[in-house]
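See below for the structure under consideration.
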Amino acid sequence: MFPELGQVTLIIALLMSVLLAVVPLYGSLTARDSLQAFARPLSAGQFVFIAIAFGILTNAFMVDDFSVAYVANHSNSLMPWYYKFSAVWGGHEGSLLLWILMLSGWTLAVATFSRRLPSVMVSQVLSVMGMVAVGFLLFILMTSNPFDRTLPNVPADGADLNPLLQDFGLIVHPPMLYMGYVGFSVAFAFAIAALINGRLDAAWARWSRPWTTVAWGFLTLGIALGSWWAYYELGWGGWWFWDPVENASLLPWISGTALMHSLAVTEKRGVFKSWTVLLAILTFALSLLGAFLVRSGVITSVHSFASDPTRGAFLLMLLAISVIASLTLYAFRAPVVHTRAKFGPLSREVFLLMNNVLLMAAMLLVLVGTIFPLIADYFELGNISIGEPFFNLTFSPIAVLVGLLLGVGIFSRWKKTDEGYLLRKMIVPTVASLVIAFAVVLILGNTMAPRGTGFWSNFSLWAFFGVLSASWCAVATLQDVWNKSGSRHGRLHGLRRQSRSFYGMVLGHLGLAMVIAGATVVNNYGIERNVRMGPGDTATAGAYQFRFASVGEREGANFTAVVGTFEITRDGKPVATLYPERRRYVVQRNVMTEAGIDAGFLRDIFVAMAEPVSSDAWAVRLQYKPLVRWTWLGALLMALGGFLAIADRRYRIKDEATELRKAAVSGSTGAGGRPVEAGA
Amino acid sequence: MKRALLFLPVVIAVAFGIFLYTGLGKDPQELDSALIGKPVPAFELANLKHPDRTLTPEVFQGQVSLLNVWGTWCPACRDEHDDLIWLAEEKGIPVIGLNYKDNRDQALRWLQDLGDPYQITLFDPQGKLGFDLGVYGAPETYVIDKQGIVRYRHVGVVNPEVWEEKLGPVVRRYQQEGS
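One line per chain: the protein sequences are A and B, in this order.
Sequential numbering from 3 applies to the first sequence in this note's numbering.
Sequential numbering from 822 applies to the second sequence in this note's numbering.
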């Protein structure tokens, strides 16, 4: 198939998205149903044409069409088919096309699953999504065409994909991440539509909640997969590096987490409306900012795309237009709430507000840390370097506080909570988490990484607070489940009676506890040894003995590898045999370290072979990583919680009439009357 | 009054946008150093491997060398390490290390584990020379000519591409000069 056809279909998709951005919106403002009816077909058409373009690019990779510059730069005939497939999004142009494909996919999903929403709302939401699509389609067509040809001098073979990217991680990580980033455009579109038509009420919150939650779930998965990938592929066993690109994904995640919680308040109580809308705009803006930081080259990162100022300028313009336009709209249309406190100081509203304050503080910290090189440059403080220590020092206390706050807030009630009630609820989590934290910190401190001989000298305050926060959060969550599931018809009946969104929340919070626990334990009690080893040598790390049994060679599809065999024992009993590799990629003349990992629920054992230090010895990194899996399993649990929550019955909207009735009811009990005084 | 407050986000966003825009032109990969064309600032630093020996800018005399700023706290430095070894061993380029804001034991272990591409490594735990050079973050690599004059600055990792396109031509130009 001709690659140029891909370009043509992208242009057709652009035309459709322009129509989508204009026609249904105009129809909704002039109350013409015939124009609004274009929204769904245009969404579908846009998706189909973008999908065809994506298919054409994929095909070019599959058949090794090196006349396409993007294919020639990111593939090679020796690569196995699944890496050729994932190489489609292994570079800037293709990943942008994936981004656009997902955007149109989300648009189509909104068009499909919003049959019961008021047509004005649907038209406006889809129009806003169309506007976003116009921006990105222009971006790809004008600055980053993936279908550019190398004619007439077609290279005989491709330059190969960066070996770091030739991995299962590339197949799954970017799609998940982009699903998250792009998914927040739906929450954004709902917010903008609500601002346009003045319908900022509980019903609006209920409609945008599932979309926000599912996008957040994907982003959570994407980030966790990225962390896991870095852990086993980069070869040095860390799981989070505070790299600008990682931070770029964390920013919308934190903001999206705040948005989910704030939406809950808006749905249930009809308050915080202005704030929720602002968060929806912010979350999407941070997704765009991430794209800008990664693709413009303003910040140096280990894994940023090739930098290009024209792309940066275009993205910045896109970011500026969407953010400034939406914030201006916000300034004119957001409801001004005349505060009459309708909730007490210990109400659930207040706890969720504090949650948002903490999350925003965390977000700002990460943002400042990420763009610090720019700030330093701007104020000509070129001498300051900032990195992991800054983030660890500032982010950890907030994470601990979030966990502790969660454990209290979970018991609070809407409007007001009785102090005595709250204190009584705190007894079990306080006692249990203190016991757990002391036990874990003292046992691990004295067995795993003793720093001194005295029993208390191995007590680490940071580890203590981390474990305390995690267990506090977990115990409180479980206690809440226990309390709520009490029933005359038995526990099982009580458990069954709880809604899916309740269980979603429980999973999310338990997941958070797992992440905090895992991060604390692995960072405080992980053991890492760098030793020189040759075949026959043994070394010890923690309680484990490592024997370098032998060394061999192996041929891969496009690499040759030196493979070490390591036998690991504990107290003389065999634990595992690991085969770390050093791969030499033929085409790119690159050497990659492939770690050998024995994964376990409670600990990982990690062996990586680095440089050969002599003809028969290597620098070897041995690691014992307790609970490292919990960071990813916790994230997985959080994402599952999100997906479970959206399966809740109340999101299956019945019909518009009940919706309106409900909206009216919550509007009157919530913030006192209809929210927006139009044009005020 | 409250309505006016709602304009705050858009004002912040505009300010932030302008700020990002000014950052755009300045690609950190190609930051010019104020020192280009000037001698390496005076320093007296310990040799990483021999704490008792003091090094001065004389180490740069008589050869065109690369000054590579690194630290064990910097993951990107690990990325470029193989390529520095390749430069030192295969291309025979003298590389002088500046161990920046680091810990001596960790730095020595790093070199022992990963191999040592450096002819000499300057140990700069307080970042004194880094400050004078205007180091932006690790890794950074400078081309220093035979007279000890800074000729080029590269921010970010060194890899074969960067060598071929950026550092290599500068090094070759100054190697030919006066030989």
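Glycine included, C-beta positions come from ideal geometry on N, C-alpha and C.
According to DSSP, simplified to helix, strand and coil, what is residue i?
i	result
Lys823 of chain B	helix
Ala193 of chain A	helix
Ala441 of chain A	helix
Ser670 of chain A	Legend: pLDDT at Ser670 of chain A = 40, less than 50; position of this residue unreliable, no value from coordinates given.
Leu361 of chain A	helix
Glu986 of chain B	helix
Gln48 of chain A	helix
Pro176 of chain A	helix
Arg415 of chain A	coil
Gly346 of chain A	coil
Met640 of chain A	helix
Arg930 of chain B	helix
Tyr626 of chain A	strand
Asn721 of chain A	It is not possible to answer for residue 721 of chain A, since the shown part of chain A is limited to 3 through 682.
Asp482 of chain A	helix
Gly496 of chain A	helix
Ser616 of chain A	strand
Take residue i as the anchor and find which of the options has the nearest alpha-carbon.
i	options	result
Glu879 of chain B	B:Pro990, B:Val992, B:Arg993, B:Ile970	B:Ile970
Leu7 of chain A	A:Pro43, A:Leu37, A:Ala53	A:Ala53
Ala641 of chain A	A:Leu227, A:Thr152, A:Asp162	A:Leu227
Val124 of chain A	A:Leu236, A:Ala260, A:Arg42, A:Val174	A:Arg42
Val70 of chain A	A:Gly47, A:Thr285, A:Glu95	A:Glu95
Leu376 of chain A	A:Ser210, A:Leu295, A:Gly447	A:Leu295
Val741 of chain A	A:Leu284, A:Ser36, A:Phe550	No statement about residue 741 of chain A is possible, as the shown extent of chain A runs from 3 to 682 and does not include it.
Gly636 of chain A	A:Thr579, A:Leu355, A:Ala519	A:Ala519
His902 of chain B	B:Ile917, B:Asp923, B:Leu935	B:Leu935
Phe286 of chain A	A:Ala336, A:Leu321, A:Leu98, A:Ala551	A:Leu321
Trp416 of chain A	A:Ile429, A:Glu269, A:Tyr505	A:Glu269
Trp458 of chain A	A:Gly468, A:Leu470, A:Leu361, A:Ile445	A:Ile445
Pro176 of chain A	A:Leu236, A:Leu139, A:Met104	A:Met104
Trp101 of chain A	A:Met64, A:Ala612, A:Leu290	A:Leu290
Ala578 of chain A	A:Arg585, A:Arg549, A:Glu555, A:Gly554	A:Arg549
Tyr423 of chain A	A:Trp108, A:Phe413, A:Phe186	A:Phe413
Val174 of chain A	A:Ser187, A:Trp231, A:Thr214	A:Trp231
Ser503 of chain A	A:Ala336, A:Tyr72, A:Thr595, A:Phe645	A:Phe645
Ala543 of chain A	A:Phe608, A:Gly558, A:Met507, A:Leu514	A:Phe608
Please check if any C-beta of chain B sits within less than 7 Å of the C-beta of residue i.
i	result
Glu596 of chain A	no
Leu329 of chain A	yes
Tyr62 of chain A	Tyr is not the amino acid found at residue 62 of chain A; the sequence shown has Ala there. False, the Cβ-Cβ gap to chain B never drops below 7 Å.
Glu248 of chain A	no
Ala333 of chain A	yes
Ile438 of chain A	no
Asn358 of chain A	no
Asn532 of chain A	yes
Glu235 of chain A	no
Ala541 of chain A	no
Glu583 of chain A	no
Ala563 of chain A	no
Leu395 of chain A	no
Ala217 of chain A	no
Val273 of chain A	no
Checking contacts by CB at 7 Å: is residue i closer than that to chain A?
i	result
Glu851 of chain B	Per-residue confidence for Glu851 of chain B stands at a pLDDT of 46, beneath the threshold of 50, marking its modelled position as unreliable; the derived number appears in the next sentence. It does not; no Cβ of chain A falls within 7 Å.
Arg930 of chain B	yes
Gly838 of chain B	yes
Arg974 of chain B	no
Ala834 of chain B	yes
Arg925 of chain B	no
Gln864 of chain B	Position check: residue 864 of chain B holds Phe in this sequence, whereas Gln was assumed. Phe864 of chain B does not count as touching chain A.
Val979 of chain B	no
Pro946 of chain B	no
Pro960 of chain B	no
Beta carbon of residue i: closer than 6 Å to some heavy atom of the ligand NAP?
i	result
Arg350 of chain A	Of ligands this structure carries none, so the ligand NAP is not represented either.
Since residue i contacts residue j with CB under 8 Å, what's their CB separation in whole angstroms?
i	j	result
Pro683 of chain A	Leu604 of chain A	Missing from the structure shown is residue 683 of chain A; chain A here goes from 3 to 682 and no further.
Arg313 of chain A	Thr152 of chain A	Going by Cβ atoms, the distance from Arg313 of chain A to Thr152 of chain A rounds to 20 Å, so no, they are not a contact pair.
Ala541 of chain A	Val533 of chain A	5 Å
(request) Quick one: which residues of the segment 931-942 of chain B get their C-beta closer than 9 Å to a C-beta of chain A? List them in chain order. (result) Residues passing the 9 Å Cβ filter: Trp931, Gln933, Asp934, Leu935, Gly936.
(request) Check distances from the C-beta atoms of the segment 888-922 of chain B to those of chain A and list, in chain order, the residues that come in under 8 Å. (result) So the list reads Trp894, Cys895, Pro896, Ala897, Arg899, Asp900, Asp903, Ile906, Tyr921, Lys922, given in the order they occur along the chain.
(request) Please list the residues of the segment 312-326 of chain A that have a C-beta atom closer than 8 Å to any C-beta atom in chain B, keeping them in chain order. (result) Taking 8 Å as the Cβ-Cβ cut-off against chain B, the residues of the segment 312-326 of chain A that qualify are Gly314, Ala315, Leu318, Leu321, Ala322, Val325, Ile326.
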